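Here the structure comes first, spelled out in structure tokens, and everything after it is commentary.
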Amino acid sequence: MMPLMLLLLFVPVLYRDLTQHNYDKFETDQLKLDSLVALWKDGVRAPKDSITIELGDFDPNTASVEQMLKLGFGNGLSTRIEKYRNAGGQFRVKSDLKKIYGFPDSLYQSLIAYIMLPETIARATKVEKEKPRPNYNASKATSIESKPVGPNTFVLELNTADSLDFRKLKGIGPTYSRRIIKYREMLGGFTSIEQIAEVYGISDSLYQTLEPYLNISEGFEPIQLNINIATFKELNAHPYISFEQTKEIMTAKSKYGKFNDSNDLKKLSTFDSIQIAKLTPYLKFK
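The numbering used here applies: residue 513 is where the sequence shown begins, and numbers increase by one.
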């Protein structure tokens with residue numbers, strides 16, 4: 513009996529000694545195994561390559577995919593932002609990030625202090641006297657008229673100008689022309705000249721150069737989206753309605769019925785007063 517007890521006591525020691533070269537990192541491996549088991553129990557898949565989150569200032573118009581990953585954006589979100597920029601999209605204010613499909617509000621709140629963009633875009637103050645507006649004849653195909661302030665100057669009607677018209681402006685080439693027209697179509701028309709500054713790539717200095725030569729005809733009415741019958745896809749396609757806002761609109765319609773006017777948007781948590789003011793001209797509530 514005694515030999516058997518001694519054998520049982522020494523077998524583990526002998527086994528460890530014989531196999532020590534294979535288990536010199538036993539404790540480290542055990543910790544890794546414990547972590548994997550914990551993940552498995554929680555139903556979480558362990559990431560192949562973990563990325564250390566590093567918060568810091570960034571401009572979403574220029575940040576690389578690698579930088580966005582370090583900020584916690586994730587592969588899918590980083591890719592969508594890059595595609596949005598390549599398609600001509602631009603972030604003018606911080607809240608524009610929420611326009612990106614699937615951008616979590618929790619992530620936005622954690623990054624808002626690091627986004628190198630303004631909260632809002634202030635209207636430029638004009639120091640010169642207001643120049644007379646040209647009279648536009650709706651029956652004419654042209655969108656350019658002479659401006660009585662000197663030779664070789666003109667005014668562009670933002671909502672009727674075509675690509676060639678825009679290219680007559682200093683600083684505007686084929687790429688900017690396409691972007692302006694595409695953004696105009698996405699919006700449903702420009703209701704203010706300042707919206708040109710929202711087009712991807714148009715800097716503040718370029719906007720200041722363009723602004724004196726741009727005009728919106730009095731009485732222009734943009735194409736409106738009926739919020740009460742619009743689909744998820746139609747709402748989310750508008751530049752002023754983010755994915756999170758679209759979800760909340762659809763949920764509110766399902767729970768409470770139709771929206772009566774823009775004041776009903778104030779009841780939604782994802783909209784602020786500035787966003788509502790910008791969006792209202794593009795909505796109808798029938």
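The beta-carbon is built from N, C-alpha and C at its ideal position, and this holds for glycine as well.
None of these values were measured; they are calculated from a predicted model.
Assumed close pair residue i, residue j - CB separation to whole angstroms, cut-off 8 Å
i    : j    : result
Y688 : I714 : 7 Å
F755 : F666 : 40 Å between Cβ atoms; not a contact.
K611 : I627 : With 8 Å as the limit, K611 and I627 do not qualify as a contact, their Cβ atoms being about 13 Å apart.
I705 : L726 : 5 Å
T792 : S781 : With a Cβ gap of about 18 Å, T792 and S781 do not count as contacting.
Residue i, enclosing beta strand (DSSP E) - first and last residue
i    : result
F666 : F666 to E669
Assigned exposure category for residue i - 16 Cβ within 10 Å defines buried
i    : result
L676 : exposed
F744 : exposed
A673 : buried
V711 : buried
T763 : exposed
Y752 : buried
Q757 : buried
N772 : exposed
M698 : exposed
L567 : exposed
A625 : exposed
N587 : exposed
E730 : exposed
Q720 : exposed
Residue range of the alpha helix (DSSP H) that includes residue i
i    : result
V577 : V577 to K582
K767 : F755 to Y768
M698 : P686 to L699
N772 : Per DSSP, N772 belongs to no alpha helix (DSSP H) and is neither H nor E.
A789 : S785 to L791
T743 : Element bounds for T743: n/a, residue is neither H nor E.
D569 : Note, D569: premise wrong, no alpha helix (DSSP H); not H, not E.
_Cβ pair count under 8 Å reaching 3, the stretch 736-747 against the stretch 590-597_ = Not touching, per the Cβ criterion.
*Counting pairs of beta carbons, one from the stretch 594-613 and one from the stretch 569-583, are three or more of them closer than 8 Å?*
Counting Cβ pairs under 8 Å, three or more are found: they touch.
_Contained alpha helix (DSSP H) runs [length at least 4] in the stretch 593-626, N- to C-terminal order_ = Listed in chain order, they are 617-623.
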